[in-house]
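Numbering (the working numbering), first residue to last: 337 to 680.
The beta-carbon is built from N, C-alpha and C at its ideal position, and this holds for glycine as well.
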Amino acid sequence: MPRRFPLRSIRFAALVAGVIAAPAIAQDYEVPRTEWGVPDLQAVWKHTSIIPFERPRELGEKRFYTEEEALEIERAEQARFDEDNEPLDPDRPAPVVAESLPPIGNYDLFWREDAQFIPTINGEMRTSAIIDPPNGRMPEIMPGVMERVRARCANLPGRNDGPEGRGLPERCLVGFGPTAGPVMMPVIYNSNLQFVQSPGYVTIVAEMVHDARIIKITDQRDPGSEAAAEAHEKWMGDSIGHWDGDTLVVETQYFNDWHSLRGMPVDNLTVTETFHRETDNKLVYGFRVSDPSVFASDFYGEFPLSLLEENLYEYACHEGNYGMIGILAGARALERQAAEESGQ
């Protein structure tokens with residue numbers, strides 16, 4: 337059994353390393369710069385977090401945990417990891433079909449990259465990524481939105497009719513989960529992002545399913561490019577950015593309407609993101625979501641990304657996507673079987 341160190345010792349070591357940065361460290365920090373003088377964000381950043389996107393309702397407007405509360409949560413998370421990491425009995429009986437899979441599902445801890453610690457942002461151990469509204473929850477949905485969602489779903493091809501009926505990630509068109517956005521959120525594995533900069537551009541490459549978002553650095557959208565962006569509607573939207581001091585500010589609009597934000601339409605969505613280095617080892621990612629046709633108000637949140645001293649490798653989704661072939665072939669086989677049984 338691997339040796340476990342006390343969480344308080346691990347938290348202290350992480351703080352010293354800069355993963356959990358104290359406010360004084362951030363205040364004295366001098367941001368590195370590129371050859372052309374802008375803040376240097378170039379690195380591979382790990383986007384995993386124990387922080388939930390929305391705050392549990394029972395916490396109300398509690399924005400951050402005390403250190404004692406954070407340690408208790410981390411101990412519980414470590415215990416869950418230890419339990420899931422226990423070796424299975426090779427002589428165990430086959431699972432009952434009606435029962436659910438173990439909580440780890442089909443991916444064991446070799447594949448998963450769940451976080452185990454609550455990092456700080458501006459010295460706070462946050463209870464949720466969303467901090468505005470103060471309750472840490474997404475705003476109310478506007479009347480009629482769910483009817484629009486249901487009508488759209490009713491007009492989609494059946495899940496087994498053809499590739500178009502499957503989700504975008506299953507078709508290898510976007511990542512599994514919103515790693516690349518809209519609103520970049522961590523998923524269970526491959527939640528790594530590589531930032532590449534050149535004069536006038538910043539590119540964010542997501543490890544999961546090869547997504548790459550090219551951000552043009554400019555003061556404003558010009559009418560020609562805006563018309564083209566609205567006509568083409570990219571998977572991850574059309575992004576333009578500018579530097580506000582040491583912070584990269586990115587506004588993204590014109591998402592492809594096959595996409596969604598936590599199940600909601602993105603036709604009129606604007607996401608404004610911020611990126612700034614709090615330390616050499618930490619990049620704070622902020623996001624503001626604005627869509628008055630869907631949400632009763634804007635909402636804002638932040639995630640901390642940690643430096644990963646490793647390379648980002650290709651995720652070759654299409655090249656090994658035998659699952660799609662098997663799903664559709666199985667559906668056709670069931671149809672033939674049903675036709676034979678009915679004598680048609």
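By the Cβ neighbour-count rule, F623 is buried, with 16 or more other Cβ atoms within 10 Å of its own. Burial is judged here by how many other beta carbons sit within 10 angstroms of a residue's own beta carbon; W579 has fewer than 16 and is exposed. In the three-state reduction of the DSSP assignment, V374 falls in the coil class, being assigned neither a helical nor a strand state. For the options D582, G599, E562, the alpha carbon positioned closest to that of G573 is the one of E562. Annotated three-state conformation of Y636 is strand, per DSSP. Segment contact: the region 535 to 549 against the region 514 to 524, three or more CB-CB distances shorter than 8 Å; contact assigned.
Take A451, set aside five residues on each side of it, and the residues of its chain with a beta-carbon closer than 6 Å to its own are T384, S385, I386, in chain order. In summary, Y658 is exposed, with fewer than 16 beta-carbon neighbours lying within 10 Å of its beta-carbon over all protein chains present. Of the other Cβ atoms in all chains shown, fewer than 16 fall within 10 Å of the Cβ of I661; this residue is therefore exposed. Around the beta carbon of A406, 16 or more other beta carbons lie within 10 angstroms, which makes this residue buried.
In this structure M461 is buried. Its beta-carbon is surrounded by 16 or more other beta-carbon atoms within 10 angstroms. Here DSSP, grouped into helix, strand and coil, assigns I550 to strand. Considering only P431, D468, N421, the residue with the shortest C-alpha distance to W447 is N421. Listed in chain order, the non-local C-beta contacts of M478 below 8 Å within the same chain comprise P628, S629, V630, F631, A632, local neighbours out to five positions each way being set aside. Around V367, the same chain offers P375, D376, D582, H612, R613 as residues with beta carbons nearer than 8 Å, after the five sequence neighbours per side are excluded. If you draw a 10 Å sphere on the C-beta of D547, you find 16 or more other C-beta atoms in it, and that means buried. Less than 7 Å divides the Cβ of L648 from the Cβ of Q530.
With a 10 Å radius around the Cβ and a threshold of 16 neighbouring Cβ atoms, R488 comes out exposed. In this structure, V545 is the residue among V545, V481, M600 with its C-alpha nearest to the C-alpha of C508. For Y658, the secondary structure class from DSSP, reduced to helix, strand or coil, is helix. Collapsing the DSSP output to three states places M461 in a strand. In the structure shown, the three-state DSSP call for M520 is coil. Looking at the backbone, the Cα of S678 and that of R672 are separated by about 10 Å.
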